[in-house]
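Be aware that the sequence shown starts at 11, since it is given in the working numbering, and climbs by one per residue.
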Amino acid sequence: MVNFVRTTIENQKNVKILNKQTHFESIYIHIPFCEIKCPYCDFNAYSKIDDLTKNLVEAIKLEILFWSSKFKKNQIKSVYFGGGTPSWIDSEYISIILAEINKNFDLSSNAEITIECNPIDLTNKKITDYIQSGINRFSVGIQSLDNKTLKFIGRNHNKAQALEGLNNIRANNIQNFSVDIMYGIPYQTHSHITETVNGLLEFDPTHFSAYSFTIEPNTPFHKFVKEKKIKELDENEYMKIFHQLYDLLEKNHYENYEISNWAKTSFESIHNLNYWDNNKFLGIGPGAHSYVNNYRFYNENSPKKYISKLNKQKSIPSTNEFLNLLNNTKFISGKENINEDTKIREYMIFSLRKKTGLNKDIFENLFKKNIDEYLSSKFTDFLDLNILVKHKDVYKFTNNGKLLSNEVFREILHPESK
Ligand code: SF4
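Below, the structure is given as C-alpha cells:
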C-alpha cells in the first residue's frame with residue numbers, strides 16, 4: 011500500500027485527462043456494512059464483515075487519491091455517504107474519508123454533505139461527531155412507525171428507537187434531514203401509513219423519500235413469496251396507501267419534486283437532483299457506480315476483492331485517454347459507453363421522473379432532434395389513459411400515472427412500435 015501511495019504521489023505530475031467532459035460535481039461514497047442484512051434488500055450490503063472496516067476505509071482513501079490525480083480541479087457541490095449503513099461504522103471513519111475528499115478535491119464551502127443513517131445509530135455523540143466532520147444533511151431510514159411492519163421486514167429498530175433517533179436529531183438542532191419510508195409492504199394498511207407519516211411530521215423533516223416495496227429476485231423475501239409463505243399486498247389496499255401518502259404529504263406542503271421524493275421549498279436533495287438532471291458523478295467504494303466522460307462504470311462489488319484490487323493497483327495509468335484509464339484500472343469491474351441514443355432515452359426518463367417533466371423545446375434544443383422520433387405510438391395511449399398529461403408541449407405523469415411509471419420507462423428504452 012505504501013508503494014501505491016508513493017507512486018500515486020509521483021503520478022500527481024501524471025497526465026491529466028484532457029477531455030472537458032470529465033467534469034463532475036458530486037461524489038458518492040459506498041459504505042457496504044450493515045448490522046444485519048434485511049431479508050428484502052438486494053443492495054451491495056453485508057453484515058458480519060466489520061473486521062474489514064479499517065482496510066476498507068484505507069482502500070477508499072486510495073481510490074480518492076487515484077481519481078483526484080486526474081480530476082483534482084473539479085469543484086464538488088455534493089458528497090453522499092450511502093450504503094449499506096454508513097452510520098453503522100465508527101464516526102471517526104466518516105471524518106477520515108471526508109478529510110481526504112477535502113484534501114484532494116475542491117470541496118465547495120456550501121457543499122451538501124449527506125449521510126444515510128439507521129435511527130439506532132443516531133446517538134448524541136455520533137450526531138455531534140458528524141456535524142464536526144462537516145456533515146450537514148441526514149437521511150434517516152425509518153421505513154415505518156408500525157412495530158409489526160418493522161419486525162416483518164426484519165429491521166433492527168422498533169418505533170421507540172426510531173423516535174429516539176429523531177429526537178436526538180432535533181435536540182442537536184439539525185435543520186436539514188430526510189426520512190425514508192416504504193409503502194406497499196405485505197400486510198401494511200392505509201392506517202399504518204397515516205400513523206407513520208403523521209408521527210414523522212411531528213419532527214418537521216425537510217424531506218421525505220417514499221419507496222414502493224418490491225420483492226427483488228435473489229432475496230429471502232423472493233423465496234418466501236415463491237413458497238407462498240408471504241402474500242403480496244392486495245391491489246386495492248396498495249392504491250389506498252398510495253393516495254393516502256400523496257394526500258398527506260401534499261397537504262403538509264411537501265412538493266413531490268421527483269417520483270419518490272418530496273421536499274419543503276429549497277430542501278430538494280442537491281445530490282439526487284444531480285442524478286436526475288443526468289449530470290456526471292463519481293462513485294467511490296465497493297460496487298459504486300460512476301458516470302464520467304460518457305461512460306457509466308462500476309467498481310468491484312465484493313468489499314474483500316475491492317480492498318485487494320486497490321492494493322494491487324500499483325500506479326495510476328499514465329494516459330490522457332479516458333477509455334485507456336478505465337481499461338487499466340483493476341478495481342473497476344464493468345463499463346458502458348453511453349452513446350447518443352442511450353443519452354437521449356436516459357434524459358427522457360430522468361426528465362419524466364421530475365415534477366418539471368419532459369419539455370419538447372428544451373429536448374429539441376439540447377439534442378437537435380425532433381422529440382416525436384423518440385415517442386412511440388404507445389405514448390398516445392399513455393395520454394389517453396391519463397398516465398401522462400401534455401400541457402404546452404411538456405409531458406408529465408399524473409399522480410395515478412406514477413404508479414405505472416415503469417411501463418412508460420420500459421417503452422422509452424425498448425419501444426414496441428413507432
Ligand atoms: S439496512 Fe438498508 S442497506 Fe442494510 S440490509 Fe437493510 S435495507 Fe439493505
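For every residue, glycine included, the Cβ atom is placed at its ideal position computed from N, Cα and C. From a predicted model like this one, the values you see are computed outputs, not experimental measurements.
Under the 10 Å beta carbon count, P227 is surrounded by fewer than 16 other beta carbons and is classified as exposed. In terms of side-chain proximity, the C-beta atom of N168 is found no nearer than 8 Å to any non-hydrogen atom of the ligand SF4. Under DSSP, the beta-bridge partners assigned to Q85 are D116.
The Cβ-Cβ distance between E350 and F377 falls below 9 Å.
Per the Cβ contact rule, the stretch 50 to 69 is not in contact with the stretch 269 to 278 (fewer than 3 Cβ pairs under 8 Å). For T95, the CB falls within less than 8 Å of some heavy atom of the ligand SF4. Secondary structure note for Y267: its beta strand (DSSP E) is the uninterrupted segment E265 to E268. In this structure, I203 lies away from Y50, with their beta-carbon atoms at least 9 Å apart. Under the DSSP assignment, R147 falls in the beta strand (DSSP E) whose first and last residues are R147 to Q153. For T124, the secondary structure class from DSSP, reduced to helix, strand or coil, is strand. Taking C-beta atoms under 8 Å as the contact rule, K83 and S36 fail to qualify, at a distance of about 15 Å. According to the DSSP secondary-structure assignment, G92 is paired through a beta bridge with H40. Along the stretch 218 to 290, the beta strand (DSSP E) occurs as fully enclosed runs of 3 or more residues at 265 to 268 and 271 to 273, listed in sequence order. Of the residues assessed, T390 falls on the exposed side of the cut-off, its CB having fewer than 16 other CB atoms within 10 angstroms. For I251 against G194, the beta-carbon gap comes to about 6 Å, under 8 Å, which counts as contact. The nearest non-hydrogen atom of the ligand SF4 is 8 Å or more from the C-beta of C127. For A273, the Cβ stays outside the 8 Å cut-off from all heavy atoms of the ligand SF4.
D131 is classed as buried because its beta carbon has at least 16 other beta carbons within 10 Å across all chains shown. One thing to note: L211 has its Cβ within 9 Å of the Cβ of N262. Short of 8 Å from the beta carbon of K113, and not among the five residues preceding or following it, lies no beta carbon of its own chain. N120 and Y305 have their C-alpha atoms roughly 28 Å apart. Beyond the five residues adjoining it in sequence on each side, Y248 comes within less than 6 Å, by CB distance, of G194 in the same chain, given in chain order. Note: R306 is bridge-paired with Y301 and E346 in the DSSP secondary-structure output.
Under the Cβ criterion (8 Å, minimum of three pairs), the stretch 87 to 100 counts as touching the stretch 121 to 129. Annotation for K364: E268 and W286 place their beta carbon closer than 6 Å to its own, counting only its chain and skipping 5 residues before and after. In the pairwise beta carbon analysis, the stretch 311 to 325 is classified as not touching the stretch 184 to 194: fewer than three pairs are separated by under 8 Å. Every unbroken stretch of the alpha helix (DSSP H) spanning 4 or more residues and falling wholly within the stretch 166 to 223 is given here in chain order: 169 to 181 and 200 to 211. Inclusion of D139 and S201 in the CB contact set at 9 Å is not warranted, their separation being larger than that value. Taking each of L117, G144, L155 and A172 in turn and checking the Cα distance to T133, the smallest one comes out for A172. For S188, the distance from the CB to the nearest heavy atom of the ligand SF4 is not below 8 Å.
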